[in-house]
Each structure stands twice: as C-alpha cells, then as structure tokens.
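Chemist: Residue numbering for the sequence shown follows my numbering, starting at 25 and increasing by one per position.
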Amino acid sequence: MTRRLVVLASGTGSNLQAIIDACTDGALPAEVAAVVSDRADALALRRAHLACIPAVHVGRRDGESRADYDARLAEVVTGFDPHWVVLAGWMRVLTMNFLGWFPGMVVNLHPALPGELPGVHAIERAWNEAQAGHRTGTGVMVHLVSDEGVDDGPVLATAAVPILADDTVDTLAERVHHTEHRVLVDTLRTLCTDPHHFTHGALA
Ligand code: GRF
C-alpha cells in the first residue's frame, strides 16, 4: 500500500526534492500528500507547487504561543492523513501539542551523528571544530521525534561523513547534503515497506 508522507520544511527543500524524485521514479513506494512550511517564502513550497503537491503555509500569528501554533499545525497535518510526518529542514522545535497527535510517526533529519552538534549550523560547527583539530569527521542521522528534545530521539539510521583536509564549509556541506538525501530516502523506504525492520531498535 502506498504510504502517505507529509513533509514539514522551512527552507530550501533539497531533501524534500530527493523524496519527491524517489516517489516519482518508484524508488520510494510513497506519495507526498502535502508539504507544510512555517515560512511563506520557503523554496520547499515552490518545489511542492511544481510537483503538483498541496503546499500549505502555516505561519505563526502575532502573539500566538508555541503550543497554540503547534495545535493549529497538527490540525492541518492531520487533514492529510499521513502515515509518516517527515521533518526535512523544519526549523522549529515541536511541542507535545503537535507530537502527541503523531506518536511514533514523526521522523527528523539532522546533519550530525547522534548526540553530536544538536541545533542549528551543525555542519559549520563541525567544520570549525575540524579546523581547530578537534574532529576529523561528522555525519548525518535520521531519528524519531518522541518529545521536545532537540535533534534527539530513537535513531533509525546514521552515516559518517569524513572532513577532508582541504574541505571548505561549502564542500563539506555539499557532501553532507548528498549523504542526507540518500540516507533519508533509504530510511523512508524501509519505514514504508518494512517498519518491523526497526522493531528491535528504535521502534521497539
Ligand atoms: C538539512 O541539512 C537538514 O538536516 C537540516 O536542515 C537542512 C535542510 O536542507 N535540518 P534542505 O532544506 O532539505 O535543503
């Protein structure tokens, strides 16, 4: 059965594009039921439009609390009846007012390995640490979001990315993003076709 994905994205949407392309060429037996963004100008919404996927902007209203925003967001996402909610460059920490609606169904992507460099600018921070001689590699991870912890939760997949001596932030970022596209699509494929694969690990 084709699984329905709702993708939440705040920015460029290159990972969203990797998902859309994989759905289109059959590599991922799923459909993107909707793309939701907190930013009206997100390129991710434009990518959704171009792919004829419903693209919804849910902006935070003046004075609106995080909890109220998240409840409103949950209502929109629920309307698309997802099997999986995918955070692909979603730049807001979600409260239980959202997560409580989708137990074990929210998947996040982060450009660092588990327990390392949570929060924004993880690639730049990894590169800076390498320049200072404190690390020689970084990576990516896909994990479930079960609570309000930042870039933290049961891990579904990881991949290491070495930091090369002649890397600039840009060349490192390019390799990290390339790795993210592959690992995210591979993980979603497993979640859509064989979720029990994770039964003894993250989904136990
Ligand atoms: C990715 O590096 C993702 O891990 C992080 O934000 C970036 C989004 O990139 N959370 P894009 O919008 O998918 O191009």
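C-beta: ideal position from N, C-alpha, C; glycine also.
A quick note: this is a predicted structure, and the numbers were derived from the prediction, not measured.
Can you tell me the Cα-Cα spacing of Val144 and Val59, whole angstroms?
Modeler: Taking the straight line from one Cα to the other gives about 21 Å.
Chemist: Can you list the beta strand (DSSP E) stretches of 3 or more residues lying completely in the segment 86-151, in chain order?
Modeler: 108-111 and 130-134
Chemist: I'd like the span of the alpha helix (DSSP H) that includes Val169, first residue to last.
Modeler: Counting along the chain, Val169 falls outside any alpha helix (DSSP H), and DSSP gives it neither H nor E.
Chemist: Provide the residue(s) that pair with Arg199 in DSSP beta bridges, ordered along the chain.
Modeler: The partner list for Arg199 (beta bridge, DSSP) is empty, contrary to what the question assumes.
Chemist: Confirm the yes/no value for this check: CB of Leu133, any heavy atom of the ligand GRF, distance under 7 Å.
Modeler: yes
Chemist: Can you say whether Cys47 is buried or exposed, counting buried as having 16 or more other CB atoms within 10 angstroms of its CB?
Modeler: buried
Chemist: Could you name the residues of the same chain whose beta carbon sits closer than 7 Å to that of Thr214, not counting the 5 residues immediately before and after it, in chain order?
Modeler: His221
Chemist: Could you tell me the alpha carbon to alpha carbon distance between His107 and Arg27, rounded to whole angstroms?
Modeler: In a straight line, the C-alpha of His107 is about 6 Å away from that of Arg27.
Chemist: Less than 7 Å between the CB of Gly37 and some heavy atom of the ligand GRF, yes or no?
Modeler: yes
Chemist: Does the segment 133-142 touch the segment 42-57, meaning 3 or more C-beta pairs lie closer than 8 Å?
Modeler: No, the segment 42-57 is not in contact with the segment 133-142.
Chemist: In terms of alpha-carbon separation, which member of Arg199, Ser61 and Ala91 lies closest to Val101?
Modeler: Ser61
Chemist: Considering only the alpha carbon of each residue, which of Ala189, Val193, Leu168 and Glu153 lies closest to Val110?
Modeler: Leu168
Chemist: Are the Cβ atoms of Ala33 and Ala68 separated by less than 8 Å?
Modeler: Against a cut-off of 8 Å, the Cβ pair of Ala68 and Ala33 comes out as a contact.
Chemist: Ends of the beta strand (DSSP E) at Ala183?
Modeler: Val179 to Pro186
Chemist: Do Ala184 and Gly157 count as a contact pair if the criterion is CB distance below 8 Å?
Modeler: Contact: no.
Chemist: For Met165, list the residues DSSP reports as bridge partners.
Modeler: His134 and Thr182
Chemist: Considering Cα atoms alone, identify which of Leu141, Asp105, Phe122 and Thr182 is closest to Arg90.
Modeler: Phe122
Chemist: Should Leu40 be listed as close to the ligand GRF, given that the test is whether its C-beta is under 7 Å from any heavy atom?
Modeler: True, at least one ligand heavy atom lies under 7 Å from that Cβ.
Chemist: Beta carbon of Ala112: closer than 7 Å to some heavy atom of the ligand GRF?
Modeler: yes
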